[in-house]
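> Here it is, the structure in full.
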Amino acid sequence: METILTDSNLQTIAAKVQSGERLTIEDGLYLYETPDLLGIAQLANQVNQKKNGDNVYFIQNMYINPTNVCEANCGFCGFKRKPGEEGAYTMDSDALLQYVSERWNDNIREFHIVGGHNTEVPFDYYLNTVRTLKKHYPQVTIKAYTGAEIEFFSRLSGLSMKEVLEELIKAGLDTLPGGGAEILTERYRAKMSPDKASTDQWLEAHEIAHNLGLKTHATMLYGSIESKEERLIHMDRLRQLQDRTNGFMVFIPLAMQPRKIEAGIKRRTSAYDDMRTLAISRLMLDNFDHIKAYWINIGVQLTQMALTFGSSDIHGTLIEERISHSVGALTSQGITRDELIHLIKSANKIPVERDTFYNVVKTY
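Next comes the structure, spelled out in structure tokens:
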């Protein structure tokens, strides 16, 4: 299908995309400027079609936050509590297993585990969380602990990040989630997440994981103080690491949620920005197989639109997500498999249930 572009500069970028030439940060900045949003969508859709055809992937997963006690002070977080603060909790093994059993169904393939940087418990607590789940649910993939948590565990335990990861793998870790990346520039991190892993440390945690044989995920939290250029620098840093390791499976742009659920429309990212950022991600990250539209952040209807803006994955059924919902996410905390299948089919795409590693479980 021929792309009809009204913008001559966009035609130059389209020629690069069609010939497989990598886009530069300057190209990306132009994509953020051009009024031709549908032109960008067409290009992103072409790239995605070439990689994934009409397949759209989803997974049945359970989200677990074992503790919300955290030493860090991130400017975007409504989830964390200080030790002893009202609402602070740390699940022991029994509480963890009870939490899972109350929400369990036999189609769950992945535990997605992220928590606070809790200095009140030793590194062994975090290992034991993985061990306990692996012992009781050996068939479920353990996707646990962000690159920022890996760096925190290294400080907590006195081990190197490589040793931390080796211990976690021994305990049953299968993959790292993509969180903790936020925006991978030091200007942003100094303001928004000063107590967490630096850009280089986050990237290093994933590089070590890749070298130890793990495939991992990558996110970007956009819509606050970062510039468009910083978003693109973030994508470029991921792209460079992917060139070296080919260890990332998917990129997930996450729209920043406001602090309160009743926050007005001015406090949220616009639909235009969400769609444009997804499409630009698809065009910039030429060495990633998948771009995920995270329905928890942008809502189910925009997620459906995202399937023609370069996205090939809409995440999962996700039983009770807490982190986005502790700030201003407006979406429900879970969605049924039937609803996800309907969402994909009514966008004229093919629903493919997957495991964590994009192996096909069932095509609908």
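Every letter in the sequence shown is one number past the one before it in the numbering used here, and letter 191, counting from 1, is 191. The beta carbon of each residue, even a glycine, is placed where N, CA and C say it ideally should be.
Check whether the segment 242-251 and the segment 217-226 touch, using three or more Cβ-Cβ pairs below 8 Å as the test.
yes
> Between the alpha carbons of ALA197 and ARG155, how many angstroms are there, rounded?
Position 197 of the sequence shown, counted from the first residue, corresponds to residue 197. Position 155 of the sequence shown, counted from the first residue, corresponds to residue 155. For ALA197 and ARG155, the distance between alpha carbons rounds to 10 Å.
> Leaving out five residues on either side along the sequence, give the residues of the same chain with a beta carbon under 7 Å from the beta carbon of GLN11.
Along the sequence shown, read from residue 1 onward, the residue named residue 11 stands at position 11. Hits under 7 Å: LEU5.
> Restricting to Cα atoms, I'd like to know which of GLY39, VAL164 and ALA15 is closest to ARG276.
The residue labelled residue 276 in the question sits at position 276 within the sequence shown. Ranking GLY39, VAL164 and ALA15 by Cα distance to ARG276 puts GLY39 first.
> So within the segment 145-220, which uninterrupted alpha helix (DSSP H) runs reach at least 4 residues, ignoring any that extend past its ends?
147-157, 161-171, 186-192 and 199-211
> Measuring alpha carbon to alpha carbon, tell me which residue in GLY147, MET284, ALA293 and ILE344 is nearest TYR32.
Here residue 32 refers to the residue found at position 32 of the sequence shown. The shortest Cα separation from TYR32 among GLY147, MET284, ALA293 and ILE344 belongs to MET284.
> Between THR34, LEU340, ASP36 and LYS50, which lies nearest to VAL17 when the distance is taken from Cα to Cα?
Counting from one through the sequence shown, the residue named residue 17 turns up at place 17. Among THR34, LEU340, ASP36 and LYS50, the Cα nearest to that of VAL17 belongs to LYS50.
> For ASN128 and GLU226, I'd like the C-alpha separation in whole angstroms.
One-based indexing of the sequence shown puts residue 128 at position 128. One-based indexing of the sequence shown puts residue 226 at position 226. Computed Cα separation, rounded: 37 Å.
> Check for me: the alpha helix (DSSP H) holding ILE296 runs from which residue to which?
Along the sequence shown, read from residue 1 onward, the residue named residue 296 stands at position 296. Run containing ILE296: 295-298, per the alpha helix (DSSP H) assignment.
> Within 10 Å of its beta-carbon, does SER312 have 16 or more other beta-carbons around it, so buried, or fewer, so exposed?
On the sequence shown, position 312 is the one that residue 312 refers to. Residue burial is scored here from C-beta neighbours: SER312 has at least 16 other C-beta atoms within 10 angstroms and is therefore classed as buried.
> Can you tell which of GLY84, THR141 and LEU232 has the C-alpha that lies nearest to the C-alpha of HIS112?
In the sequence shown, residue 112 corresponds to position 112, counting from 1. If we check each option's Cα against that of HIS112, THR141 comes out closest.
> Where does GLU230 fall in DSSP's three states?
For this step, residue 230 is matched to residue 230 along the sequence shown. Helix.
> Report the three-state DSSP secondary structure of ASP36 (helix, strand or coil).
If you number the sequence shown from 1, residue 36 lands on position 36. Coil at ASP36, not helix or strand.
> In this structure, how does DSSP classify ALA306 when only helix, strand and coil are distinguished?
Taking the first residue of the sequence shown as 1, we reach residue 306 at position 306. Helix.
> Can you list, in chain order, the stretches of the beta strand (DSSP E) that have 3 or more residues and sit fully within the segment 23-87?
55-59 and 61-64
> May I have the straight-line CA-CA distance separating ASP174 from LEU214, to the nearest angstrom?
Here residue 174 refers to the residue found at position 174 of the sequence shown. Here residue 214 refers to the residue found at position 214 of the sequence shown. Roughly 7 Å separates the two Cα atoms.
> Looking only at C-alpha atoms, which of SER101, LYS345, PRO83 and MET91 sits nearest to TYR364?
Taking the first residue of the sequence shown as position 1, residue 364 is located at position 364. Here the closest residue by C-alpha is LYS345.
> Helix, strand or coil, according to DSSP, for ASP7 in the structure here?
Start at 1 with the first residue of the sequence shown, and residue 7 comes out as number 7. Three-state DSSP puts ASP7 in coil, outside helix and strand.
> Given that a residue counts as buried once 16 or more other Cβ atoms are within 10 Å of its Cβ, and exposed if not, what is ALA181?
Translated into the one-based positions of the sequence shown, residue 181 becomes position 181. By the neighbour-count rule (16 or more Cβ atoms within 10 Å), ALA181 is buried.
> Going by other Cβ atoms of all chains shown within 10 Å of its Cβ, with 16 needed for buried, is ARG239 buried or exposed?
The residue you call residue 239 lines up with position 239 of the sequence shown. Label assigned to ARG239: buried.
> Taking the beta strand (DSSP E) that MET249 falls in, what are its first and last residues?
Residue numbering aside, residue 249 sits at position 249 when the sequence shown is read from its first letter. Looking at the DSSP string, the run of the beta strand (DSSP E) that includes MET249 is 248-255.
> If distances are taken between C-alpha atoms only, which option among SER281, ASN359 and ALA293 comes closest to GLY28?
Position 28 of the sequence shown holds residue 28. Comparing Cα positions, the closest option is SER281.
> Relative to the alpha-carbon of ILE335, which residue among LYS349, ALA347, ILE314 and ILE350 has its alpha-carbon at the smallest distance?
Your numbering for residue 335 matches position 335 in the sequence shown. That would be ILE314, whose Cα lies nearest to the Cα of ILE335.
> Could you check whether ALA44 and GLY310 sit closer than 8 Å to each other, using their CB atoms as the reference points?
As a first step, residue 310 is located in the sequence shown; it is residue number 310 there, counting from the start. As a first step, residue 44 is located in the sequence shown; it is residue number 44 there, counting from the start. Their beta carbons are under 8 Å apart, which means GLY310 touches ALA44 by this criterion.
> Whose C-alpha, out of ALA88, THR34 and GLN98, is nearest the C-alpha of GLY115?
The residue given as residue 115 occupies position 115 in the sequence shown. The shortest Cα separation from GLY115 among ALA88, THR34 and GLN98 belongs to ALA88.
> Among LYS80, TYR294 and ILE233, which one has its Cα closest to the Cα of LEU184?
For this step, residue 184 is matched to residue 184 along the sequence shown. For the residues LYS80, TYR294 and ILE233, the minimum Cα distance to LEU184 belongs to ILE233.
> Are the beta-carbon atoms of LEU212 and ILE150 separated by less than 8 Å?
Position 212 of the sequence shown, counted from the start, is the residue given in the question as residue 212. Position 150 of the sequence shown, counted from the start, is the residue given in the question as residue 150. Between LEU212 and ILE150, the C-beta spacing is not below 8 Å.
> Suppose contacts are defined by Cβ-Cβ distances below 8 Å. Is ALA95 in contact with VAL130 by that definition?
Taking the sequence shown and counting its residues from 1, one reaches residue 95 at position 95. Taking the sequence shown and counting its residues from 1, one reaches residue 130 at position 130. Against a cut-off of 8 Å, the Cβ pair of VAL130 and ALA95 comes out as no contact.
> Identify, in the order they occur along the chain, each residue of the same chain with its Cβ nearer than 7 Å to the Cβ of ILE265, setting aside the five sequence neighbours on each side.
Translated into the one-based positions of the sequence shown, residue 265 becomes position 265. Result list for ILE265: empty, nothing under 7 Å.
> Counting C-beta neighbours from all protein chains within 10 Å, is the total for VAL360 16 or more, i.e. buried, or is it exposed?
The residue labelled residue 360 in the question sits at position 360 within the sequence shown. By the 10 Å Cβ count, VAL360 comes out exposed.
> What three-state label does DSSP hand ARG337 in the structure shown?
In the sequence shown, counting from the first residue as 1, residue 337 sits at position 337. Helix.
> Could you give the DSSP three-state label for GLU21: helix, strand or coil?
Position 21 of the sequence shown, counted from the first residue, corresponds to residue 21. If DSSP states are grouped into helix, strand and coil, GLU21 belongs with coil.
> Among all the DSSP beta bridges, which residues are the ones paired with LYS342?
Here residue 342 is taken as the residue at index 342 of the sequence shown, counted from 1. First, the amino acid is wrong: residue 342 is His here, not Lys. According to DSSP, HIS342 bridges with nothing at all.
> For the segment 89-144, which segments carrying the alpha helix (DSSP H) assignment without a break, of at least 4 residues, lie completely within its bounds, in sequence order?
93-103 and 123-136
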